[in-house]
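Take 41 as the starting number for the sequence shown in my numbering and just add one per residue.
Cβ coordinates follow ideal geometry from the N, Cα and C atoms, glycine included.
Take a look at the structure set out below.
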Amino acid sequence: MMKKPIYRFLPGLLLLVAVWAMSACTERIETPSAGDGYLDLEFLQAETRAVISPDGSGSFSDGDRVGLFIDNGSAVQYRELTCQGGVWTPRLKRSEFGTGRLTLSAHYPVQTGSPQSAGQYTYVLPTDQSNETTLSSADILFARVELPEGSYRAQLPFEHLFHRLQVELSPAGNGAAVSVRSISSGTLNLLTGEVTVTGTQYRWITPYTQSDGSFTALVLPQSAEPYRSGEGLLKL
Numbered sequence: 041m042m043k044k045p046i047y048r049f050l051p052g053l054l055l056l057v058a059v060w061a062m063s064a065c066t067e068r069i070e071t072p073s074a075g076d077g078y079l080d081l082e083f084l085q086a087e088t089r090a091v092i093s094p095d096g097s098g099s100f101s102d103g104d105r106v107g108l109f110i111d112n113g114s115a116v117q118y119r120e121l122t123c124q125g126g127v128w129t130p131r132l133k134r135s136e137f138g139t140g141r142l143t144l145s146a147h148y149p150v151q152t153g154s155p156q157s158a159g160q161y162t163y164v165l166p167t168d169q170s171n172e173t174t175l176s177s178a179d180i181l182f183a184r185v186e187l188p189e190g191s192y193r194a195q196l197p198f199e200h201l202f203h204r205l206q207v208e209l210s211p212a213g214n215g216a217a218v219s220v221r222s223i224s225s226g227t228l229n230l231l232t233g234e235v236t237v238t239g240t241q242y243r244w245i246t247p248y249t250q251s252d253g254s255f256t257a258l259v260l261p262q263s264a265e266p267y268r269s270g271e272g273l274l275k276l
């Protein structure tokens, strides 16, 4: 995991903004072993829900759904897998997708309308991230692997598409209100994992308050230069 600290000083106040480029850990849920013609897909768990703890650690649970694109080089098909009892269902026959090399692209949570616009999915980051539901739903994970011809087993290590900002106030915030300024609209390529910011409209995001008094917000990857002047990155 990589953390980039940005320090800003206000009268009597030290403000630490940590920008996390979140990476995968080793939690996993997998399908039963292959051998009967079915794909054996093992999803390596990233810090799934940014809200669970200050470092973003978490896990899948029953009912979670993963969107999966399967590209055989001439056609792309879409499937949704649901976690049930520690197993991803339904199981997928490899023969449904051809005999050659396959490219598997997975995202979590499932995005409404993604099958129709996988290469350029329009996404607007919620500005209200003040509760667990809105923050968790905004935290999109992505994995992409190549499955060679004749192979049935693949590991898909999830990574976070967005950046996570953690704001710490010293002395502690004690009820202080914090807002994070960011461009919130962009496009997601759910086949490659590329994120592109669109437009120039900046909006104020209400972050989630962690139990330790720090604040957490998710933002689209973008240049930091516009935040070095004008209204800046934060409002207290």
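A distance of 8 Å or more separates the beta carbons of residue 206 and residue 176. The DSSP assignment places complete alpha helix (DSSP H) segments of no fewer than 4 residues inside the region 139 to 179 at 172 to 178, in order along the chain. The residue among 102, 260, 132, 275 with its C-alpha nearest the C-alpha of residue 125 is 102. By the Cβ neighbour-count rule, residue 168 is exposed, with fewer than 16 other Cβ atoms within 10 Å of its own. Partner residues in a beta bridge of residue 231, as assigned by DSSP, do not exist. Taking the CA atoms as reference points, residue 244 sits about 20 Å from residue 201. The Cβ atoms of residue 145 and residue 198 do not sit closer than 8 Å to each other.
Nearest in C-alpha terms to residue 174, of all of 182, 189, 149, is 149. Our two residues, residue 252 and residue 106, have alpha carbons roughly 31 Å apart in a direct line.
Here residue 76 is exposed, its C-beta having fewer than 16 other C-beta atoms within 10 Å. Rounded to the nearest whole angstrom, the C-alpha separation of residue 273 and residue 239 is 17 Å. Partner residues in the beta bridge of residue 258, as assigned by DSSP, are 204.
Per DSSP, reduced to three states, the secondary structure at residue 265 is helical.
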